[in-house]
Every structure is written in structure tokens, then in C-alpha cells.
Amino acid sequence: MTTACNPSYSSAMRTPRQSSPHSSRQAQPDSRDKGEARRGGPRHHGRNRQKPGGPYWIAGVHACQAALENPHRTVQRVLLSAEAQDDFTKRLSVSLPSYVERGDKARFTALLGTETVHQGVAVLVEPLEAVAIEDALERPGPVLVLDQVTDPRNVGAILRSAAAFGAACVVMQDRNAPEEGAALAKAASGALEVVPLVRVVNLSRCLETLKQNDCWVVGLDAGGGQLEGSSLKGRRAALVLGSEGDGLRRLTRENCDEIAGLYMPGTMESLNVSVAAAIGLYELVRAA
Numbered sequence: 353m354t355t356a357c358n359p360s361y362s363s364a365m366r367t368p369r370q371s372s373p374h375s376s377r378q379a380q381p382d383s384r385d386k387g388e389a390r391r392g393g394p395r396h397h398g399r400n401r402q403k404p405g406g407p408y409w410i411a412g413v414h415a416c417q418a419a420l421e422n423p424h425r426t427v428q429r430v431l432l433s434a435e436a437q438d439d440f441t442k443r444l445s446v447s448l449p450s451y452v453e454r455g456d457k458a459r460f461t462a463l464l465g466t467e468t469v470h471q472g473v474a475v476l477v478e479p480l481e482a483v484a485i486e487d488a489l490e491r492p493g494p495v496l497v498l499d500q501v502t503d504p505r506n507v508g509a510i511l512r513s514a515a516a517f518g519a520a521c522v523v524m525q526d527r528n529a530p531e532e533g534a535a536l537a538k539a540a541s542g543a544l545e546v547v548p549l550v551r552v553v554n555l556s557r558c559l560e561t562l563k564q565n566d567c568w569v570v571g572l573d574a575g576g577g578q579l580e581g582s583s584l585k586g587r588r589a590a591l592v593l594g595s596e597g598d599g600l601r602r603l604t605r606e607n608c609d610e611i612a613g614l615y616m617p618g619t620m621e622s623l624n625v626s627v628a629a630a631i632g633l634y635e636l637v638r639a640a
């Protein structure tokens with residue numbers, strides 16, 4: 353993804369829109385050894401959307417804590433090692449469910465594989481219910497839009513930055529984007545539970561929806577001006593990031609209000625998309 357910006361460029365900004373008179377309301381798990389899977393908290397229903405994918409394991413202290421504390425997350429199993437249980441229980445703001453299983457090293461390896469860093473804690477969860485963009489926009493903060501970012505670790509890292517900088521949501525297409533799963537949740541380190549991950553069928557239509565809800569849509573890519581948070585003060589921004597290899601697609605670029613790059617005076621011309629997202633969000637919120 354190319355995000356470098358020549359600081360000599362002038363801002364490539366379209367004529368500002370008139371504000372809308374009506375603002376929006378703002379690893380595959382093994383089968384259970386015995387009995388049926390038990391479920392955790394209540395479900396959160398989106399608008400006519402189905403949950404993607406199937407149950408998967410979340411591993412690691414931070415991600416598992418966030419999942420158990422999320423009242424909208426359905427938890428089927430909880431696996432704890434004897435060494436981790438006391439400290440993990442003290443971290444939680446909720447009680448451990450009654451169906452906690454004790455797991456040794458061999459048990460964790462059998463369920464999660466040899467490469468997973470689990471810290472003695474894992475939970476089997478169902479994917480979160482889908483959230484509509486209109487509902488996500490009820491939350492304050494900037495919006496991140498991902499144009500065919502396919503690596504689940506990048507999406508997870510972007511969610512983590514979104515949580516750190518107070519973003520309202522992360523939006524991506526149903527197609528050419530990773531499903532919610534173990535790698536994404538691990539990289540998000542709990543942010544998946546606090547930042548809505550919105551899936552849309554048509555990204556261009558979604559950008560129009562954002563504009564109708566008083567968002568100024570900025571495509572982060574080369575060829576425009578320099579991203580400056582101070583110039584967006586008083587506006588709610590939606591930052592659009594392109595795919596890891598090709599950047600923003602042509603139609604996506606054309607549907608942005610502005611194309612802007614990051615100030616990068618060094619010798620590198622581009623950054624990893626998750627790093628670019630973090631820097632872009634910092635620039636947006638520091639001048640808010």
C-alpha cells in the first residue's frame with residue numbers, strides 16, 4: 353500500500369459538500385469431547401445480516417479476557433491451565449462460567465496447534481453478530497474503511513489501533529476480506545470485542561452512506577496532498593486504506609472526497625497497511 357506524500361503537493365480536495373440536514377443515528381475447533389456446547393452471553397443482532405464463519409478458538413490472556421467480558425459474545429468453551437487460572441480469574445470483571453475445562457500442554461496443543469501462543473488460556477467462541485454501518489456510526493470517532501485488505505493479521509492490528517485511537521468502527525467488504533477467526537482475533541488482542549467490524553456488500557455505496565452521515569472521506573494513498581488532522585478539525589473523517597499490494601482501487605479513489613498521503617521524509621515509499629492506519633488515525637485525532 354503506497355502512502356507516501358510529497359510535501360510539495362497541494363491538497364487534492366473536492367468542493368466540500370453541504371452538511372446533511374438529517375444526521376445519521378449516530379484454527380478450526382475440535383468437536384466437544386462430551387455433551388453439547390454451552391453458550392455464554394446474549395447475542396447482538398445486526399440488521400438482516402448473518403454471522404460469517406463458524407466457531408473458532410481465541411487464545412491468549414488479553415483476547416480471552418475481552419471475549420469473556422463482552423456481553424455480545426457467545427462463548428462455547430473455556431480452557432485454562434492450572435498455572436494460569438488464578439491470575440486470569442483475578443483479571444476478569446465477570447465471573448468465570450461454570451463449564452471451565454482444565455487443560456495441560458498436550459490438550460492445548462491438540463486443540464490449538466503447536467504454533468499458537470496461548471498463555472494457558474483459550475476460549476471457543478462463535479463469530480459476533482453482524483453490525484450495520486448505521487448502528488456503528490452511533491459511536492463517536494473517525495471511521496476506518498478497508499479496500500480489500502486480505503491479511504487477517506493486518507485487519508487485527510488495524511482493529512487494535514482503532515481501539516487505541518477511539519475509532520467508531522472498521523469497515524470492510526464481504527468479499528476479498530478475511531472472516532473473523534483465530535489469527536484476526538489474536539492480532540487484535542481484544543480490540544475485536546470493543547470496535548465494531550462492519551461488513552458491507554458494496555464499498556462504493558458504503559462511502560456514499562458515510563458522506564450522507566456527514567463523514568469526510570479521505571483515501572490514504574499517494575497522489576494527493578499531505579494528511580493533516582488540523583485541516584479536518586470539526587469534521588468527522590473516514591479514512592480509506594487500500595490493499596497490501598495494489599492500494600486503493602480506481603472506483604474507491606473516485607468515491608473519496610480527498611486523496612492524501614502520510615508525510616514520510618525518509619527513503620521508504622510505503623508502509624504496511626496496519627502501520628499506515630495507526631499513523632493516519634494519530635494524525636486525525638491529535639488535532640481533534
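Sequential numbering from 353 applies to the sequence shown in our numbering.
Even glycine gets a Cβ: it sits at the ideal position worked out from N, Cα and C.
Q. Taking contact to mean at least 3 C-beta pairs separated by less than 8 Å, is the stretch 501 to 514 in contact with the stretch 480 to 488?
A. Segment contact: the stretch 501 to 514 against the stretch 480 to 488, fewer than three CB-CB distances shorter than 8 Å; contact not assigned.
Q. What residue from R601, C521 and G518 has the CA that sits closest to S556's CA?
A. The residue given as residue 556 occupies position 204 in the sequence shown. Out of R601, C521 and G518, R601 has the C-alpha closest to the C-alpha of S556.
(Q) So for Q525, helix, strand or coil by DSSP? (A) As a position in the sequence shown, residue 525 is number 173, starting the count at 1. It is a strand residue.
Q) Alpha carbon to alpha carbon, how far is V552 from E532? A) Your numbering for residue 552 matches position 200 in the sequence shown. Your numbering for residue 532 matches position 180 in the sequence shown. If you draw a straight line from the Cα of V552 to the Cα of E532, it comes to about 14 Å.
Q: Report the residue ranges of all alpha helix (DSSP H) runs contained in full by the stretch 532 to 567; include only those spanning at least 4 residues, in chain order.
A: You should have 534 to 540 and 555 to 564.
Q. Can you pull the DSSP bridge partners for A612?
A. The residue you call residue 612 lines up with position 260 of the sequence shown. BP columns for A612 point to G577.
Q) Under a three-way DSSP split, which group does R454 fall into? A) Reading the sequence shown from its first residue, position 102 is the one you call residue 454. In this structure, R454 counts as strand in the three-state DSSP scheme.
Q) Along the chain, which unbroken stretches of the beta strand (DSSP E) at least 3 residues long are found entirely within the stretch 437 to 509? A) As far as the stretch 437 to 509 is concerned, its whole beta strand (DSSP E) runs of at least 3 residues are 452 to 454, 473 to 477 and 495 to 498.
Q: State the Cα-Cα distance for the pair E606 and Q500, rounded to the nearest angstrom.
A: By 1-based counting over the sequence shown, the position of residue 606 is 254. By 1-based counting over the sequence shown, the position of residue 500 is 148. Going by the C-alpha atoms only, they are around 16 Å apart.
Q: Using three-state DSSP, classify S626 as helix, strand or coil.
A: Start at 1 with the first residue of the sequence shown, and residue 626 comes out as number 274. Shown here, S626 sits in a helix according to DSSP, grouped into three states.
Q: Could you give the DSSP three-state label for A520: helix, strand or coil?
A: For the purposes of this step, residue 520 is identified with residue 168 of the sequence shown, where counting begins at 1. Residue state, collapsed to three classes: coil.
Q.
Between V483, K585 and A514, which has its C-alpha nearest L496's C-alpha?
A. Within the sequence shown, residue 496 is the residue found at index 144, counting from 1. Between L496 and the set V483, K585 and A514, the nearest pair of CA atoms involves A514.
Q) Which value, in whole angstroms, describes the spacing of the CA atoms of D566 and R425? A) Here residue 566 corresponds to residue number 214 of the sequence shown, with the count starting at 1. Here residue 425 corresponds to residue number 73 of the sequence shown, with the count starting at 1. Rounded to the nearest angstrom, the two C-alpha atoms are 31 Å apart.
Q. Are the beta-carbon atoms of L591 and L562 separated by less than 8 Å?
A. Numbered from 1 along the sequence shown, position 239 holds the residue referred to as residue 591. Numbered from 1 along the sequence shown, position 210 holds the residue referred to as residue 562. Taking 8 Å as the Cβ cut-off, L591 and L562 do not qualify as a contacting pair.
(Q) Suppose you measure from the CA of S583 to the CA of G599; what does that come to, to the nearest Å? (A) Counting from 1 along the sequence shown, the entry for residue 583 is found at position 231. Counting from 1 along the sequence shown, the entry for residue 599 is found at position 247. Taking the straight line from one Cα to the other gives about 24 Å.
Q: Just tell me which of G493, N554 and A629 has its CA closest to the CA of R587.
A: Residue numbering aside, residue 587 sits at position 235 when the sequence shown is read from its first letter. It is G493.
Q: Determine contact between the stretch 463 to 473 and the stretch 407 to 418, defined as no fewer than three beta-carbon pairs at a distance below 8 Å.
A: The stretch 463 to 473, when compared against the stretch 407 to 418, does touch it at the 8 Å Cβ threshold.
Q. How long is the line joining the alpha carbons of R505 and M616, rounded to whole angstroms?
A. Position 153 of the sequence shown holds residue 505. Position 264 of the sequence shown holds residue 616. About 24 Å.
Q: Would you mind sorting E560 into buried or exposed? The rule is 16 or more other CB atoms within 10 Å of its CB.
A: Along the sequence shown, one-based indexing puts residue 560 at 208. With fewer than 16 Cβ atoms within 10 Å of its Cβ, E560 is classed as exposed.
Q: Go ahead and pull the three-state DSSP assignment for R429.
A: Locating residue 429 in the sequence shown gives position 77, where the first residue counts as 1. It is a strand residue.
Q: Indicate the three-state DSSP secondary structure (helix, strand or coil) for G599 in the structure shown.
A: What you label residue 599 is simply residue 247 of the sequence shown in a count that begins at 1. DSSP places G599 in the strand class (E or B) of the three-state scheme.
(Q) Spatial neighbours of L431 within its chain, please: C-beta separation below 6 Å, excluding the five flanking residues on both sides. (A) Against the sequence shown, residue 431 aligns to sequence position 79. Here the set comprises E453, G455 and A474.
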